[in-house]
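Taking it in order: structure first as C-alpha cells, then the write-up.
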Amino acid sequence: MPAADHRTAEALDRARVAAARVTDPEMPMLTLVDLGVLRDVAIEDGRVVTTITPTYSGCPAMATMRDDLQRELQDAGFEGAEVRVSLTPAWTSDWITEEGRKALKGAGISPPGQAPRRTGPVALTLMPTKRALTCTLCGSANVKLSSEFGPTACKAMYQCLDCLEPFQHVKEI
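By full-length UniProt numbering, the letter at position 115 of the sequence shown is numbered 115, and the numbering carries on one by one without gaps.
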C-alpha cells in the first residue's frame, strides 16, 4: 500500500473512532452509532465527511448532533470536517444496535420493538399504538400507557401496574 493510501486509511480509522464517541443529546447513554444515526464516515478530497440521518423529520436534536460531531472531529485534528444530513433512506428504530438496546434498558428506558412494516399509505389512527413491552424494573408485561408523548417526541410514557414504576419507551418508527 502506498504511503499516501496508508495515511488516508489511518486518518479514516481515527475519524471513525472520534465520530463513534459522540452521544445523543437526548439519550446520552447512546452514541450516534448505537442509535443508528451515524451513517457514514469517509474522506473526500482530503477532508473528513460524515453523514447522519435524523430519527424523524424535524428532530430538534439534529443540530446538536451535527455540532457535537463536528466539534469531536475538529478536536481529533480534522479541521474543516463536514457533516451531511441525509433523509434517505429514512431512519428506523430497527437501526438501534443491540448495544444501544442494552444501554437503553440499563438506563431504565424500554427499547423499541421491531418497527412496523408498511407498504403504501400510512393509515391515520387516533388511538394509542399497541405495543408489546415489559416494565424496565420488574419485567412485568402488566403495563399501561400513561402518555403517548414523553420527555421527547420519540418516547412514550408507561406505568407498570405490578410495581407501579413509571418508565419511558422509545417508540417504534
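Here a beta-carbon is modelled for each residue, glycine too, at the ideal position from N, C-alpha and C.
Query: Where valine 85 sits in the DSSP three-state scheme; Result: strand
Query: Buried or exposed (CB count within 10 angstroms, at least 16 for buried), phenylalanine 167; Result: buried
Query: Assigned exposure category for lysine 130 - 16 Cβ within 10 Å defines buried; Result: exposed
Query: Beta-carbon contacts of leucine 73 that lie in its chain and below 6 Å, excluding the five residues immediately before and after; Result: Ala18, Val48, Ala81
Query: Best match in Arg39, Thr8, Ala9, Arg7 for proximity to alanine 20 [C-alpha to C-alpha]; Result: Arg39
Query: Selection from Phe78, Asp24, Gly150 that minimises the alpha carbon distance to glutamate 10; Result: Phe78
Query: Exposed unless 16 or more other CB atoms sit within 10 angstroms - verdict on valine 143; Result: buried
Query: Runs of beta strand (DSSP E) lying entirely within the UniProt domain "MIP18 family-like" (20 to 83), each at least 3 residues, in chain order; Result: 38 to 44, 47 to 52
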